[in-house]
Amino acid sequence: MTVVPGSPRSRLDPEPLPRRDWLGLASLWSAGSAMLFALLGSMRLPKAAIVAAQSKGFDVALPESLRIGEAFVPPNRAVAVFRDAEGVYAISTICTHLGCVVKPGAEGFECPCHGSRFKPDGAVSRGPAPRPLAWLKVTPGDGIFHVDEGKTVPPGTKVTV
Amino acid sequence: MSTPALEELKSNLRAAPKRILDTAFRSGKPSTDRTRSTFIFGNVFLHLHSTRVHRWTLRWSTTLGLGLATTAAFLITLITGVLLMFYYKPYPDAAYQSIKDIHFVVPTGRFMRNIHRWAANVMVVAVILHMARAFYTASYRKPREFNWLIGMGLLATTLGLSFTGYLLPWDQLAYWAITIGANIAQSPREVTDAIGITDWFDPGGAQRFLLLGSDTLGPEALIRFYLLHVMILPLALVALMSVHFWRIRKDGGLARPAGADERLPDPAGAMYPVFTQAPAKTYSLAAIVKGRTAAVGQGPENTVPSMPHLFYAELGVFMLTTLVCLALALVSDAPLKELANPNVPENPAKAPWYFLGLQELVSFSAFVGGIGIPMIVLAGLGLIPYLDREDSGTGEWFGGSGGPGVVKQALVVGFGAALAIETFAIRFGWIREWYLAAPQLLITILNPGTLLAAAYGIYSVWLVKRHRSARAGALGLFTCFLCGFLVLTAIGTYFRGPNWVFYWSPSDWPRH
Ligand code: HEM
Ligand code: FES
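If you're matching them up, the sequences are chains E and F in order. Position one of the first sequence corresponds to residue 1 (our numbering), numbered consecutively onward. Position one of the second sequence corresponds to residue 1 (our numbering), numbered consecutively onward.
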């Protein structure tokens, strides 16, 4: 900036807006927007396109001795499979409050974490859980049933062989 | 056959050790005021300090050393944390084994782990107390408003460090506490589900997915927590700390009452006037700097050189903090439960103690306890310096309108309201126990957490009107929230057992 001789401006006064420097401004903006786009692009990274987790679908063979209303919990699955006169159905045992695993019992399900209770059909009967337990899709196969933890079905959906 | 050149070389060699020292510390021994000053501003690590500090700053009652204790605790976690990293493996199951190795096999491993754990706890306690100190002495006021905001960032980062560290041992305690934590991140769904828009707009699900890197708590989650814990958050903390300290200097040192100079006892004999005449102007870097600093019109009579006065005080706090951490680490081991089991929740599954107050609220509504109330508290805290624009009582304990009287009253209101609402909820249950078909949105809006926050809010608005002062309202609100935090944390920590049922003592817990 050139100082006009004889101008009364003191060095303590704020400087007037400098003459527009197109090259400077242009590089500033292009650097800024490049950085913005780079940031947006790299923010895409933490969201995986393919989730590495155990497969959601699995097969169960129900034991002959399984009584009506008794839960069968396949090993390492947060699912309870039931059989009654109308057919076979599966209810997720993941609490809809904050994700603890609920325990199936005679009167329904009980969550150890904050005391939510669910009726045998998964409806909330007390506690902080906001939603009923999810019913999962069951497909009958050859002497087995295929359960898909990733697909929910309306409560009351039961399948027969 | 010695030549002069060789002689010179020899004598240079002899003189080398002293010369190395002299060139490293160019100002010589810090024995005069001038050399003490150069000792500070000639050293890259020390020159964050000003060369002289006001005597008010050095009084114990000004800060209680709490900010320094937080810094000291952080440095201890930093050193012990780096040591733990020698053996820690951030992969499920291997992580648990490596912590077990650290605990039972590695020489001094258990001690280092204990120190790390305890220093982390000390840091959380110290940072909360430090914030309370800054609040009660009204030190957040002009020109320190922004440093209060930086402090909020430091608080959040400290809690984030603790939370991410909690998962690393990959034991039952860690696994279920983080499961609950990650689902809290997802709890905006409680609201989006209730109004039926989750399919299009699901910020909760996105947050949880980002945190866990998958839809279950597994290796991706552990590596993310590890990265946050040992790298991203410590770096963020160091960056924020640097700004925090730098701004203390730029804001003219610590806040002190307007009449501090008169109220200090006469300086000790060793002190002498530095200027015989008060300077009319201070010269900053150059005349391009606008404005006049607080030193204009007064000599630095009530200041003392930072070296040694401030440094010895700092060293004292550092040693004391270290002592506390070491003592705790010697008497009490960091917990380690069984290996994480995704099929069987720990019962009760408890987060670190400072989150148990929130967990208590979460047991009524996940969204309110996990996101709603924390957001309100953070926003409220952040706004304090911008709503209280008064200037009476700055730098004074419980200073400002209302003063200690309001604080005492607020203690009664704060404890009373929290205890009353919790007693009611524990004794009679909550809406769903009376009326099963109650819509979730009703419970989200009306629950002990929201009611308590509303009661505190109304009380503080009343205080603002009564004392015609935002400071009085702030004193009341801050004290109330502190009381609520204490009550809820104590209940969550000591009185909640399996299935989050209320028990007077863990000895009453059912055996399973
Ligand atoms: C403000 C700072 C910090 C806090 C509050 C904190 C907190 C914690 C907590 C609560 C744990 C769990 C400890 C346990 O179960 O024994 C932990 C573990 C760990 N931390 Fe930190 N930490 C901090 C800084 C650091 C830093 C800076 C590093 C490394 C550069 C670090 C490395 C580790 C490692 C490797 C573990 C796993 C070992 C273990 O669980 O015992 N920490 N931290
Ligand atoms: S997770 Fe089931 S009640 Fe909280």
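Each residue gets a CB set at the ideal place from its N, CA and C atoms; glycine is no exception.
Under 9 Å (Cβ pairs) to chain E, residues found in the region 424 to 450 of chain F: GLY429, TRP430, ARG432, GLU433, LEU436, GLN440, ILE443, THR444, ASN447
Bridge partners - LYS56 of chain E, DSSP secondary structure assignment: For the purposes of this step, residue 56 of chain E is taken as the residue at position 56 of the first sequence. For LYS56 of chain E, which the question treats as bridged, DSSP gives no partner whatsoever.
Between the CA atoms of VAL73 of chain E and LEU66 of chain E - distance to the nearest angstrom: As a first step, residue 66 of chain E must be located in the first sequence, where it is residue number 66. As a first step, residue 73 of chain E must be located in the first sequence, where it is residue number 73. Taking the straight line joining both Cα atoms gives about 11 Å.
THR303 of chain F beta carbon less than 8 Å from that of HIS54 of chain F: Taking the second sequence and counting its residues from 1, the one referred to as residue 54 of chain F is at position 54. Taking the second sequence and counting its residues from 1, the one referred to as residue 303 of chain F is at position 303. Yes, Cβ-Cβ distance for HIS54 of chain F and THR303 of chain F is below 8 Å.
Contact with chain F by ARG126 of chain E, beta-carbon distance below 8 Å: Taking the first residue of the first sequence as 1, we reach residue 126 of chain E at position 126. Yes, ARG126 of chain E counts as interfacial toward chain F.
C-alpha gap between LEU518 of chain F and ARG126 of chain E, whole angstroms: Shown here, chain F extends from 1 to 512; a query on residue 518 of chain F therefore has no answer.
ALA194 of chain F vs TRP56 of chain F beta-carbon contact at 8 Å: For the purposes of this step, residue 194 of chain F is taken as residue 194 along the second sequence, with counting starting at 1. For the purposes of this step, residue 56 of chain F is taken as residue 56 along the second sequence, with counting starting at 1. No, the pair does not count as a contact, with Cβ atoms beyond the cut-off.
Cβ neighbour criterion (16 or more within 10 Å) applied to ARG59 of chain F: Taking the second sequence and counting its residues from 1, one reaches residue 59 of chain F at position 59. Around the beta carbon of ARG59 of chain F, a 10 Å sphere encloses fewer than 16 other beta carbons of the protein chains shown; the residue is thus reported as exposed.
Within 8 Å, strictly: CB atoms of ASN147 of chain F and ASP333 of chain F: Numbered from its first residue, the second sequence carries residue 147 of chain F at position 147. Numbered from its first residue, the second sequence carries residue 333 of chain F at position 333. Taking 8 Å as the Cβ cut-off, ASN147 of chain F and ASP333 of chain F do not qualify as a contacting pair.
Assigned exposure category for LEU235 of chain F - 16 Cβ within 10 Å defines buried: Taking the second sequence and counting its residues from 1, the one referred to as residue 235 of chain F is at position 235. Result: exposed.
8 Å Cβ cutoff, ALA106 of chain E in contact with chain F: Sequence index remark: in the first sequence, residue 106 of chain E carries index 106 (1-based). It does not: the Cβ of ALA106 of chain E has no partner Cβ on chain F nearer than 8 Å.
Cβ of LYS151 of chain E within 8 Å of any chain F Cβ: Residue mapping note: residue 151 of chain E aligns to position 151 of the first sequence, counting from 1. Output row for LYS151 of chain E: interface = no.
Residues near SER505 of chain F in its chain [Cβ-Cβ closer than 6 Å; skip 5 each side]: Along the second sequence, one-based indexing puts residue 505 of chain F at 505. Nothing meets the Cβ criterion.
Nearest residue (CA-CA) to PHE74 of chain F, options F:GLY429, F:LEU310, F:TYR459, F:HIS229: As a working note, residue 74 of chain F is residue 74 in the second sequence. Nearest of F:GLY429, F:LEU310, F:TYR459, F:HIS229 to PHE74 of chain F, Cα basis: F:HIS229.
Contact list for ALA115 of chain E against chain F, beta-carbon separation under 8 Å: Locating residue 115 of chain E in the first sequence gives position 115, counting from the first residue. The sequence as given places Gly at residue 115 of chain E; Ala does not occur at that position. Within chain F, the residues near GLY115 of chain E are SER363, ASN499, TRP500, VAL501.
Nearest-angstrom beta carbon gap, PHE495 of chain F and PHE485 of chain F [assumed within contact, 8 Å]: Position 485 of the second sequence, counting from 1, holds the residue named residue 485 of chain F. Position 495 of the second sequence, counting from 1, holds the residue named residue 495 of chain F. Not quite, the Cβ-Cβ distance comes to about 15 Å (not below 8 Å), so this is no contact.
Segment limits, alpha helix (DSSP H) that includes GLY24 of chain E: Here residue 24 of chain E corresponds to residue number 24 of the first sequence, with the count starting at 1. Unbroken alpha helix (DSSP H) run through GLY24 of chain E: 22 to 43.
Under 8 Å between C-beta atoms of TYR87 of chain F and ALA95 of chain F: Sequence index remark: in the second sequence, residue 87 of chain F carries index 87 (1-based). Sequence index remark: in the second sequence, residue 95 of chain F carries index 95 (1-based). Not closer than 8 Å, so no.
Which of helix, strand or coil DSSP assigns to VAL406 of chain F: Within the second sequence, residue 406 of chain F is the residue found at index 406, counting from 1. If DSSP states are grouped into helix, strand and coil, VAL406 of chain F belongs with the helices.
Ligand 2 heavy atom lying under 7 Å from the CB of GLY535 of chain F: Residue 535 of chain F lies beyond the range of chain F shown here (1 to 512); nothing can be said about it.
Sufficient close CB pairs (3 or more, under 8 Å) joining the region 127 to 140 of chain F to the region 164 to 181 of chain F: Three or more beta-carbon pairs separated by less than 8 Å are not found between the region 127 to 140 of chain F and the region 164 to 181 of chain F, which leaves the two stretches without contact.
Length of the line joining the Cα atoms of VAL464 of chain F and PHE163 of chain F: Stepping through the second sequence from its first residue, residue 464 of chain F is reached at position 464. Stepping through the second sequence from its first residue, residue 163 of chain F is reached at position 163. In a straight line, the C-alpha of VAL464 of chain F is about 36 Å away from that of PHE163 of chain F.
Cα-Cα separation, ASP93 of chain F to GLY218 of chain F: Position 93 of the second sequence, counted from the start, is the residue given in the question as residue 93 of chain F. Position 218 of the second sequence, counted from the start, is the residue given in the question as residue 218 of chain F. Straight-line Cα distance between these residues: approximately 10 Å.
Start-to-end residues for the alpha helix (DSSP H) that takes in TYR175 of chain F: Stepping through the second sequence from its first residue, residue 175 of chain F is reached at position 175. Boundaries of the alpha helix (DSSP H) around TYR175 of chain F: 172 to 185.
Meets three-Cβ-pair contact criterion under 8 Å: the region 83 to 98 of chain E and the region 386 to 395 of chain F: no
Closest by C-alpha distance to HIS97 of chain E, when choosing among F:ASP266, F:VAL191, F:CYS325: The sequence position of residue 97 of chain E within the first sequence is 97, counting from 1. If we check each option's Cα against that of HIS97 of chain E, F:VAL191 comes out closest.
Own chain partners of GLY153 of chain F with C-beta closer than 7 Å, once the 5 adjacent residues on each side are dropped: Stepping through the second sequence from its first residue, residue 153 of chain F is reached at position 153. So the qualifying residues of the chain are LEU240.
beta-carbon SER116 of chain E near ligand 2 non-hydrogen atom, thresh 7 Å: Within the first sequence, numbered from 1, the residue matching residue 116 of chain E stands at position 116. Under cutoff, so the answer is yes.
Burial state of MET1 of chain E (16 or more Cβ within 10 Å): Translated into the one-based positions of the first sequence, residue 1 of chain E becomes position 1. Reliability of the predicted coordinates at MET1 of chain E is poor, the pLDDT of 47 falling under 50, and the value obtained from them is presented with this limitation in mind. Flag for MET1 of chain E reads exposed.
Assigned exposure category for THR139 of chain E - 16 Cβ within 10 Å defines buried: As a working note, residue 139 of chain E is residue 139 in the first sequence. Counting Cβ neighbours within 10 Å, THR139 of chain E comes out exposed, since fewer than 16 surround it.
Amino acids of chain F, ordered along the chain, whose beta-carbon sits closer than 7 Å to that of HIS97 of chain E: Stepping through the first sequence from its first residue, residue 97 of chain E is reached at position 97. Result: ALA366.
Distance CB(PHE364 of chain F)-CB(PRO128 of chain E) smaller than 8 Å: Residue numbering aside, residue 364 of chain F sits at position 364 when the second sequence is read from its first letter. Residue numbering aside, residue 128 of chain E sits at position 128 when the first sequence is read from its first letter. Cβ atoms of PHE364 of chain F and PRO128 of chain E: closer than 8 Å.
Nearest candidate by alpha-carbon position, reference ALA425 of chain F, set F:LEU330, F:TYR226, F:GLY449, F:ALA24: Start at 1 with the first residue of the second sequence, and residue 425 of chain F comes out as number 425. Nearest of F:LEU330, F:TYR226, F:GLY449, F:ALA24 to ALA425 of chain F, Cα basis: F:GLY449.
Whether HIS103 of chain F touches LEU336 of chain F by CB criterion (8 Å): Translated into positions along the second sequence, residue 103 of chain F becomes position 103. Translated into positions along the second sequence, residue 336 of chain F becomes position 336. Taking 8 Å as the Cβ cut-off, HIS103 of chain F and LEU336 of chain F qualify as a contacting pair.
Backbone secondary structure at ALA137 of chain E - three-state DSSP: Along the first sequence, read from residue 1 onward, the residue named residue 137 of chain E stands at position 137. A quick correction: the sequence has Lys, not Ala, at residue 137 of chain E. In this structure, LYS137 of chain E counts as strand in the three-state DSSP scheme.
Unbroken beta strand (DSSP E) run spanning LYS151 of chain E, endpoints: Mapped onto the first sequence, residue 151 of chain E falls at position 151. 145 to 153 is the extent of the beta strand (DSSP E) around LYS151 of chain E.
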